[in-house]
Structure formats: structure tokens, C-alpha cells
Amino acid sequence: MTDTLSGKIPVTVLTGYLGAGKTTLLNRILTEDHGRRYAVIVNEFGEIGIDNDLVVGADEDVFEMNNGCVCCTVRGDLIRVVAGLMKRQKPGAPAFDAIIVETTGLADPGPVAQTFFVDEDVKAKTQLDSVTALVDAKHVMARLDDSREAREQVAFADRIILNKTDLATEAELVAVEARLRKLNPLAPITRAERANVPLDQVLGLGGFDLERILDINPEFANPAHGEAGHVHDEHCGHDHHDHDHDHHHHHKVDTVDSVDSFSGVRGHSHGDDIKGISLSLDRPMHGAKFTAWLDRLLGEQGQNILRAKGIIDIDGENRRLVFQAVHMILEGDLQREWGPGERRWSRAVFIGRDLDEAALKAGFEACAA
Amino acid sequence: MSTTFDAQVTAIVFDSAGAVFALGDGSVRFESGERADIHGGAILCAVLHPSGDGIVTGGDDGQVIWSRRGESGLLAGADNGQWIDAIDASTGSGLIAFSAGKTVSVIDAADSVFRRDFVHERTVSGVAFDPKGRRIAASTYGGAALWFARIAQQKPTKLTWAGSHTGVAFSPDGAFVVTIMQDNQLHGWRLKDGKNLRMGGYPSKVRSIAFLSNGNLMATSGAQGAVLWPFIGANGPMGREATEIGYDEGSLVTLVAARSTHGVLAAGLNDGRVWLADPAGQGLNFLKAEKGAAITALALSPDARRVAWADEDGQTGVVDISAP
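One line per chain: the protein sequences are B and X, in this order. Going by our numbering, the first sequence opens with residue 1, and the numbers climb by one from there. Going by our numbering, the second sequence opens with residue 1001, and the numbers climb by one from there.
Here is the structure:
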């Protein structure tokens, strides 16, 4: 679970409203026999009863850096608390191996995540592993209806724990899952009672690690288990999104295959303002066109895009281009080569608010080589 | 002298007898070998006691403790054990100020009953006394607040500037307040008219600032060399350019240390080197030339004759500077 190559402390964020089971899950993580020591950052007004030596209160101090650039909205309290915690780390004998950040049901997950990409000190010492959202099977539908934060937490997550499934019928669970998947087609949903989810489905997910973007299936995103990742650069700001590739080849277009991923059951009678949009294309992309489109999209609509991930087949390039984004913060890199028998196709998922699916699809497909 | 500790050094202070190290394991170590295990967690901040004897430390256990060789005592605590994030003290007034969360508390080294608590709207990141120790500046998001240290009921003078301010200092003549900002710049205010000073162009976060040469120069870290801003006359650095000394493309200055009554500047680098320079003279005197872990603590003695440092791996050094 530790990012051994970088030596950075992995950070797991747990989101979910009061009563979803965060404290139960947290105490399971802390008390299970794994030999790891955690530092836990909780909201200062949050639930009590956490069974750990190192629990620190944070006060949800959100602010915008860099003259109000929204992609640089960070949590000042996390910068302060992480810096303070790191002072306990002894050379060669760490006081803790990982950090868990528990947020309230009202917290916006964006600034929490962005803190780990934007602040130079936090970035140097820690690596955001993943965001897990806990939802309560019985009450989540009502919460999603009336709380923007609840929708955002689900949409932002790398993993969704559908907890307290013993309190809902199978039909209710199916409807809940359909709605959750529509909000977030990337995050696997794990059913649980009393937060009894295997811990390897919460810890060490590598949700922001480009090396671990193994597959994105527009129909359903499978949990990605893979090798531990390595350090990569982050780029923040409208002007310096960057990819380390550049292609100027042109090829003939054969076929177009776009997949409508959401033909399944609608979980609710009305649509949510947030949804995941899946795009795919069965022919190579023009590298420069695609990166220019992605940069412009995130620059213009990054405020509304919570998460994005993609695997792109670039014309003339044998390696897969992978990217992930949190609002306007984009990371992209050429990853492993396409396998000999592997289907070469491009697919991407954008999760966001008020996204124009037709325009996204048209823009994506216009990048074809 | 060179010692390696098994915990991080979070601050170094020179008192009347020598260097004192504050550590991430909650202990204080004196250069002479004494040790005091005083805090339940990490020491987050430290300052020289107003008497000149011993160190006052603030910990993540919410306690403010005065340690001398062979003796330690609790001076104050924060409500519900909140972290003590910042601390300062004044030999002039004998007062000590520390922050925990949104509150700055002022206590008197000579009067154990005296205490003032000043509450801010946002979390306090730094505290600094003016040269006489009568006013206290607190940096927060959105600027800094100025309080009269001894007055119980008052409205602070607010110095506002959008952004996150992470540290604060007074110029030695008391005419300017300077804050360190999250986004690689400094901000300043001339107190007599509230005029703003913007000092930017840094490639990384500025972690420390120090005044030297009778307050005519303010040195900062955060660049490939030590950055020097002129603070001469009523206008300070307004309309003037900064200079940089010890520029080295391959490294960053992480910390600076100086004394306003002396002309030398010490700098600690992210590649583990430490140098001393006289900005009026030529060249750098490398006190530690071998590279290693980043320098995380640095101090210059009051007579500017000794320098102490520590790196990220707990290695420390104290050297006497030969007479110029």
C-alpha cells in the first residue's frame, strides 16, 4: 500500500454524510491486524469515538490560491495539519505509514483532493491514493435528491461503499446502484453491511495513479488492481497543462463506434445535475488534436468537471496515452504498449455537472486522426 | 559540534549559553548535552525565552513549555489541546504570544496570571511582536491583524490582502509588517499609511525571512539564492529591486538566518549545504559544503558568531565563525 518507489505517505480520503458508517469503517481500518500505523485527520466537529493514537482535528478552511483560480481551491487546514504531522516522522523510523482524511457530509471533495496536487510541501511528502464515498442504502436516495454535496461526493469517488444493505430490499439496492453508476461510472460499487468491506477495496487503490489506469470500460468500470505506481508530475493552471507526446500524423478514418453506456435502468424519476459521460472511439486519435481539445475542455469547463479518466489510442504511437483529471488539474502520460491481441480503442469518462453530452461526443470524435 | 538525533529538528534557538534544539519527538536537546522530554507529541514551534535563558516550545499536545538546562515548566495551554502552531516572544516587554487554531494568546514571563486571548475569523498561521514587544501581529487568510498585546478588550487593526498568509514579521524599525504568502510571494504594509508592498517572483514557497544590517536589508529564502530586499528610508523596498546572493541553479535556499544588528547572513539549502555571507563583501563561506538531506532548521547566535543547523535526517551542526 505504501508507495515504496516514491517514499511518499499515501493518503486515503473517506467521504460520506453523518450516519453512512464512516466511523465504523475507520475503526475497522485502524484496528484490523495489518501492522500499519495511521494518522487520522477528522473534522473538528465530526463524529467521535475513533480508536487511534494519532487523531487530528481539521477545520475545513477552504481558500483559493493563485488569484482565485478555481482549480487551485485548496484546504488550508490540510496543508497545516499535514506539515505538522510530518514533523513526527523520524528519519528511518516513521511514526505513521499512511494518512486517512475523514470529511463531513457537507465537505466538497474537490479542494481536499486538489490540496494534494497543488501545495508544494504536501505534494513532496504525500500522495493522494483514493477517495472512497460511503453511502447508506436506506437513505442515500433522499440525500442525493436534496444535497448537492452528497451527489458530488458520489461523483468524485474512486470507490463507492453501499453500506447498510441489510436495511434495504434487493429492488431498492438495484435502483440505488443504477443511480450511483449514472452519477459515477468509474467507481466500482461495493455492497456492505456495517461497513464490512475488504480493506483492499478502500486502501491502496491508486485512484490518481496513471500507471494504474488499466481499463476503462464504458459499460462498467472494473476495479483496477495493479502494480504500485511511481512519481509523476502534476500540472496546475490553465496555461500549463502538458503531455509528453506530440504527434502529427494523418491517417484515413475507417469506422466510428461510439458506445451509449447508459441504456440501463434509470434509478430515479428525475435526472441528476451531475452525471458521468462515457466516450469511445474505435479508430486512432490525432495526438495534438486530442491534447488541444482536452486542454481547452478542462480550461473552459474544468470547474464543472469533477473527475475524468481516459485511455487513448494515438495514431502512430504504440503506447497507450492515459490521463486523469481533477477539475482543471490534468496529468497525462504515455503508458505501456498496446498488447498484440489487445483491442486498440480510445475511451474516456468525464464526470461533471451540467455537461453537454452531445458536444463532448462531437469534440472527442473530431480528434480522430 | 555535530550530532545526529533520531527525530526531526523542528526549530533551533540560541540562548545565552548555546544552541537549543526542539524536536519532532517532543524533546528539547541542549548543545551541552542535557535533554528534556517535555511534549506529548511533536514540537511545532519554538522561541527564545524573554529572559534569554532557555527555550519556549509549542507542541501538538497543546502545551507551551519553558525549558532550561535541568528544569522545565508548563507556561500555558490551548483550549481542548489544540496544536500550538506559532510562537513569538519579546525580550523588550517580556511577553510571549502563541497561536492555537483561530486564537492568539499572550502571556507574561514575569506574571503567571496574565493572559490575553485574541480570536480571529480564520486560523492563525504566524505571530510576531513589534520591536518593543507592545503590539502583536497575527497572519491569517486574507491578511494580518494587529493587537495591543496587553489590552483585554479591543478591535484589532486589520491589514487586508486577498490570499493565504502563512507567516508574519515586523521590520526592526517597526514601520512595516511583512507576511509570507502561500503562493510564492511576500506582502507588506507600511503601517503609517497602510500602503501595500508586493514582493514576488519566487520559484518556490518562502519559508523564512530575516532582517540584517540595521534593518536595511530583509533576506528571504524561496529562490536559488538568498533574496535581499532593501528596507532603506521611509519607502522601504517600494519601487526598488531585490538582489540575490549565492545563486546556484541546482539548489534552493530553504532557510535564512540573520540578526538585525549584524551584517552577516546564513542560508540553508535544500541540498543540505549551509553558507554564510556578508552581502557587503564577496563570496560565500560554506559552513557545510557536503550535500545531503534538506536543511530544515537554521539559527544564528545573537552575536552573529555561531551558526546552528539541522537537516531532514536529524543531522545537526554548530560552528563558530572565525573572526572576520
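The C-beta atom is built at its ideal place from N, Cα and C for all residues, glycine as well.
Helix, strand or coil for W1229(X), going by three-state DSSP, please let me know.
Indexing the second sequence from 1 puts residue 1229(X) at position 229. In the structure shown, W1229(X) sits in a strand (DSSP, three-state: E or B).
Name the residue from R148(B), A171(B), V174(B) and P188(B) whose alpha carbon lies nearest to the alpha carbon of D158(B).
The residue given as residue 158(B) occupies position 158 in the first sequence. When each option's Cα is compared against that of D158(B), the closest is P188(B).
From the DSSP secondary-structure annotation, give me the bridge partner or partners of T1140(X).
If you number the second sequence from 1, residue 1140(X) lands on position 140. Its beta-bridge partners are G1143(X).
Could you pull out every residue in the same chain whose Cβ sits closer than 8 angstroms to the Cβ of P1131(X), ignoring the five residues on either side in sequence?
Counting from 1 along the second sequence, the entry for residue 1131(X) is found at position 131. Excluding sequence neighbours, P1131(X) sits near G1092, F1170, P1172, D1173 and G1174.
Just to confirm, is the Cβ distance from W1066(X) to G1054(X) under 7 angstroms?
Locating residue 1066(X) in the second sequence gives position 66, counting from the first residue. Locating residue 1054(X) in the second sequence gives position 54, counting from the first residue. Contact: yes.
Could you name each continuous beta strand (DSSP E) segment of 3 residues or more that falls completely within the stretch 86-146 of chain B, going from the start of the chain to the end?
98-102 and 126-136
Below 8 angstroms on C-beta distance, what does T90(B) contact in chain X?
Locating residue 90(B) in the first sequence gives position 90, where the first residue counts as 1. Note on identity: in this sequence residue 90(B) is Lys, with Thr being the wrong assignment. Within chain X, the residues near K90(B) are D1006, A1007, Q1008, G1024, D1025 and G1314.
List the endpoints of the continuous alpha helix (DSSP H) containing T291(B).
Locating residue 291(B) in the first sequence gives position 291, where the first residue counts as 1. Run containing T291(B): G287 to Q301, per the alpha helix (DSSP H) assignment.
Looking at the strands, I want to know which residues DSSP matches up with Y38(B).
Residue 38(B) sits at position 38 when you count from the first residue of the first sequence. Beta-bridge pairing links Y38(B) to A98(B).
Taking one C-beta from the stretch 1260-1275 of chain X and one from the stretch 338-358 of chain B each time, how about it: are there three or more such pairs within less than 8 angstroms?
no
Any Cβ of chain X within less than 7 angstroms of the Cβ of G316(B)?
By one-based count along the first sequence, residue 316(B) stands at place 316. Not one chain X Cβ lies under 7 angstroms of G316(B).
Against R1122(X), what residues of chain B qualify as contacts under a CB-to-CB distance less than 7 angstroms, listed in chain order?
Along the second sequence, one-based indexing puts residue 1122(X) at 122. Per Cβ cutoff of 7 angstroms: D61.
What span of residues does the beta strand (DSSP E) with N976(X) cover, start to end?
For chain X, the structure presents residues 1001 to 1324; residue 976(X) sits outside this window and is missing.
Measuring CA to CA, which of A1267(X), D1037(X) and Q1154(X) is closest to L1300(X)?
Looking up residue 1300(X) in the second sequence gives position 300. For L1300(X), the nearest C-alpha among the options comes from A1267(X).
Let me check you understand the geometry: is the CB of P188(B) closer than 6 angstroms to at least one non-hydrogen atom of the ligand FMN?
As presented, the structure is devoid of all ligands, the ligand FMN included, so that no description of it is given.
Contiguous beta strand (DSSP E) assignments of at least 3 residues, all confined to the stretch 1130-1189 of chain X
1135-1148, 1157-1170 and 1176-1181
Of all the options L1146(X), K1155(X), L1186(X) and T1254(X), which has the alpha carbon lying nearest to the alpha carbon of G1167(X)?
On the second sequence, position 167 is the one that residue 1167(X) refers to. When only C-alpha atoms are compared, the closest one is L1186(X).
Give me the residue from V11(B), D295(B), A171(B) and A292(B) with the minimum Cα distance to F116(B).
On the first sequence, residue 116(B) is found 116 positions in, with the first residue counted as 1. Per the Cα distances, V11(B).
Going by the DSSP bridge assignment, what does P10(B) pair with across the sheet?
If you number the first sequence from 1, residue 10(B) lands on position 10. According to DSSP, which records beta bridges pairwise, P10(B) is partnered with Q127(B).
7 angstroms Cβ cut-off: residues of chain B touching G1041(X)
Within the second sequence, the letter at position 41 stands for residue 1041(X). By Cβ distance, chain B contributes R88.
Quick check on E1244(X): does DSSP put it in helix, strand or coil?
On the second sequence, position 244 is the one that residue 1244(X) refers to. Strand, per DSSP.
Rounded Cβ spacing between E1031(X) and A1019(X) (contact assumed at less than 8 angstroms)
The residue labelled residue 1031(X) in the question sits at position 31 within the second sequence. The residue labelled residue 1019(X) in the question sits at position 19 within the second sequence. At roughly 4 angstroms, the Cβ-Cβ gap stays under 8 angstroms, so E1031(X) and A1019(X) are in contact.
Using DSSP with H/G/I as helix, E/B as strand and the rest coil, what is D1079(X)?
To locate residue 1079(X), count along the second sequence from 1; it is residue 79. Note: D1079(X) maps to helix in three-state DSSP.
Taking C-beta pairs closer than 9 angstroms, name the residues in chain X that V76(B) reaches, listed in chain order.
As a first step, residue 76(B) must be located in the first sequence, where it is residue number 76. Going by the sequence as given, residue 76(B) is Gly instead of Val. Here the neighbours are R1122, T1123, S1125, Y1141, S1164, T1166 and Q1182.
Quick one: does W1380(X) have its CB under 7 angstroms from some CB of chain B?
In the structure displayed, chain X extends from 1001 to 1324; residue 1380(X) sits before or after that span and is not available.
Determine the extent of the beta strand (DSSP E) in which T73(B) is found, giving its start and end residues.
Against the first sequence, residue 73(B) aligns to sequence position 73. Segment T73 to R75, the beta strand (DSSP E) holding T73(B).
Report yes if the CB atom of A1046(X) is closer than 7 angstroms to the CB atom of V1009(X), and no otherwise.
Residue numbering aside, residue 1046(X) sits at position 46 when the second sequence is read from its first letter. Residue numbering aside, residue 1009(X) sits at position 9 when the second sequence is read from its first letter. Against a cut-off of 7 angstroms, the Cβ pair of V1009(X) and A1046(X) comes out as no contact.
Using a 10 Å radius around the Cβ and a threshold of 16 neighbouring Cβ atoms, would you call R373(B) buried or exposed?
With chain B represented from 1 up to 369, any question about residue 373(B) goes unanswered, as that position is not in the structure.
Report yes or no: is there a C-beta of chain X within less than 7 angstroms of the C-beta of G84(B)?
Along the first sequence, read from residue 1 onward, the residue named residue 84(B) stands at position 84. Yes, its Cβ sits closer than 7 angstroms to a Cβ of chain X.
Please state whether DSSP places G49(B) in a helix, a strand or coil.
On the first sequence, residue 49(B) is found 49 positions in, with the first residue counted as 1. Three-state DSSP puts G49(B) in coil, outside helix and strand.
Whose Cβ in chain B lies nearer than 8 angstroms to the Cβ of G1101(X)?
Numbered from its first residue, the second sequence carries residue 1101(X) at position 101. Here the neighbours are D59.
Pull up the distance between the alpha-carbon of F290(B) and that of A358(B), whole angstroms please.
By 1-based counting over the first sequence, the position of residue 290(B) is 290. By 1-based counting over the first sequence, the position of residue 358(B) is 358. Whole-angstrom Cα-Cα distance: 17 angstroms.
Which residues, taken in chain order from the stretch 1203-1216 of chain X, show a beta carbon closer than 8 angstroms to some beta carbon of chain B?
S1204 and K1205
Would you check if the distance between the CB atom of P135(B) and the CB atom of P111(B) is smaller than 7 angstroms?
In the first sequence, counting from the first residue as 1, residue 135(B) sits at position 135. In the first sequence, counting from the first residue as 1, residue 111(B) sits at position 111. For the sequence presented, residue 135(B) should be read as Val rather than Pro. Not closer than 7 angstroms, so no.
Is D1085(X) near M65(B), with beta carbons less than 7 angstroms apart?
The count along the second sequence starts at 1 and reaches residue 1085(X) at position 85. The count along the first sequence starts at 1 and reaches residue 65(B) at position 65. No, they are not a contact pair.
If you draw a straight line from the C-alpha of S278(B) to the C-alpha of R307(B), how long is it?
The sequence position of residue 278(B) within the first sequence is 278, counting from 1. The sequence position of residue 307(B) within the first sequence is 307, counting from 1. If you take the alpha carbons of S278(B) and R307(B), they lie about 12 angstroms apart.
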